[in-house]
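Report on the following structure.
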Amino acid sequence: MPELPEVETVVRSISPHLLGRTIVRASFSSPLVTRGGLEKTAESIAGATIRAVRRRGKQIFFDLDRGMLYVHLGMTGKLLWDAEPGKHTHALVEFAEGTLQYDDPRQFGRMEFFDALPEAFERRGPDALGVDFETFLTRLKARRGRIKTLLLNQSVLSGLGNIYVDELLFASRVHPRTPVSRISRDRARLLHEKMQEILKLAIERRGSSISDYVDASGTPGDFQQLHRVYGKAGEPCPECGGAIRRVVVAQRGTHYCPRCQRA
DNA sequence: ATCTATTCCTGGCTGC
DNA sequence: TGCAGCCAGGAATAGA
-13 MPELPEVETV VRSISPHLLG RTIVRASFSS PLVTRGGLEK TAESIAGATI
37 RAVRRRGKQI FFDLDRGMLY VHLGMTGKLL WDAEPGKHTH ALVEFAEGTL
87 QYDDPRQFGR MEFFDALPEA FERRGPDALG VDFETFLTRL KARRGRIKTL
137 LLNQSVLSGL GNIYVDELLF ASRVHPRTPV SRISRDRARL LHEKMQEILK
187 LAIERRGSSI SDYVDASGTP GDFQQLHRVY GKAGEPCPEC GGAIRRVVVA
237 QRGTHYCPRC QRA
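For the first sequence, this note's numbering gives the first residue as -13, with consecutive numbering after it.
See the structure below:
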């Protein structure tokens, strides 16, 4: 599942193909993925030139000379350059130099055109990568609830998903159900440090390929080899040797060490 | 304000 | 080998 490091890797691998290039034509085939109308979206971007490729959290924006093409990969979305279209290909954006393709078996992702940034997007939290500590602390402390729920909430902070939250909480020795009111300033400092460390390392490793995640050239990442708790229920904890436990928190499978991460 | 449950969807897995 | 049933989950949404 694409989270911040995977989305960053996709952006880095697709940008060189797209910057400054002009869209010759486009076609969209999934009303679920492309909600603004299939024909209308294709017409809106035809002839436009890509001025910038940006990421905020898990959101990708292709800034055009007029409006923007927005992409969210959801669970199984892929942006591919010059790939073979398959049965889950929902969009083709053609350039003189090649074709940008969007594939997504589950269709939880989006590929839509916007004239301007939607209001709801402007209220998203700051990007988890590079957010300063005071902003991180302030945004966490402005809410109540369990730490895992808040870290997953894109209005609080943008970019974290289930894998990196579990890894981050383990690295910081924080129980996923800890109420945020009980997180000390020092513990928050540790969470912030570990978050930067883990995200940077995961980007270096080109993301985690758990099921079928790949970048724009079809290359998988290998950060999954460095996962310490995610997907490791029943296996020994790398720190204490006790069994990693799997529970449900915020409707998500949650992996943690009951001994290292005390409630 | 914050919680939980539900919805979207299909590949992959289990068990017969 | 086939197939039914279940599960995974990002984010929007509804209801408590």
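Backbone N, C-alpha and C define an ideal beta-carbon position, used for all residues, glycine too.
Beta-carbon proximity check, residue i vs residue j, cutoff 8 Å
i      : j      : result
GLY204 : ARG191 : no
PRO244 : ARG231 : yes
MET97  : ALA77  : yes
ASP101 : LEU66  : no
PRO162 : LYS134 : yes
ARG42  : SER141 : no
VAL235 : ARG159 : no
ARG130 : SER167 : yes
ARG7   : ILE36  : yes
LEU253 : LEU86  : Nothing in the structure corresponds to residue 253, since the chain is present only between -13 and 249.
ASP201 : SER1   : no
Nearest-angstrom beta carbon gap, residue j and residue i [assumed within contact, 8 Å]
i        : j      : result
PHE14    : THR62  : About 17 Å; that fails the 8 Å criterion.
ALA114   : LEU136 : Contact flag wrong, Cβ pair sits at about 12 Å.
PRO(-9)  : ILE169 : Actually they are not in contact, since the Cβ atoms of PRO(-9) and ILE169 sit about 24 Å apart, beyond 8 Å.
ARG52    : ALA28  : Rounded, the Cβ-Cβ distance is 15 Å, inconsistent with contact.
PRO(-12) : TYR199 : 6 Å
Same chain only: Cβ atoms within 7 Å of residue i, ignoring 5 sequence neighbours per side
i      : result
GLN210 : SER194, SER195, ILE196
VAL10  : GLU80, PHE81, ALA82
LEU176 : SER158
ALA219 : ILE230, ARG231, ARG232, HIS241
LEU50  : ILE31, ALA34, THR35, ILE36, ARG37
Assigned secondary structure, residue i (DSSP; H/G/I helix, E/B strand, else coil)
i       : result
ILE9    : strand
SER170  : coil
ASP51   : coil
GLN93   : coil
ARG(-2) : helix
ALA229  : strand
GLU80   : strand
GLN45   : strand
ARG238  : strand
GLU221  : coil
ARG132  : strand
THR121  : helix
LYS64   : strand
VAL(-7) : helix
THR20   : coil
Same chain, Cβ closer than 8 Å to residue i, neighbours up to 5 away in sequence not counted
i      : result
ILE46  : VAL(-7), VAL(-4), VAL(-3), VAL39, ARG40, TYR56, VAL57, HIS58, LEU59, LEU65
TYR242 : ASP152, LEU155, PHE156, HIS161, PRO162, VAL215, ILE230, ARG231, VAL233
ARG21  : ARG96, GLU98
LEU138 : LEU146, GLY147, ASN148, VAL151, ALA236, ARG238
ARG110 : ARG42, GLY43, GLN45, GLN140, SER141, SER144
LYS73  : none
For this session: Could you tell me which uninterrupted alpha helix (DSSP H) segments, each at least 4 residues in length, are contained entirely in the segment 142 to 207, listed from first to last along the chain?
Result: 148 to 157, 171 to 190
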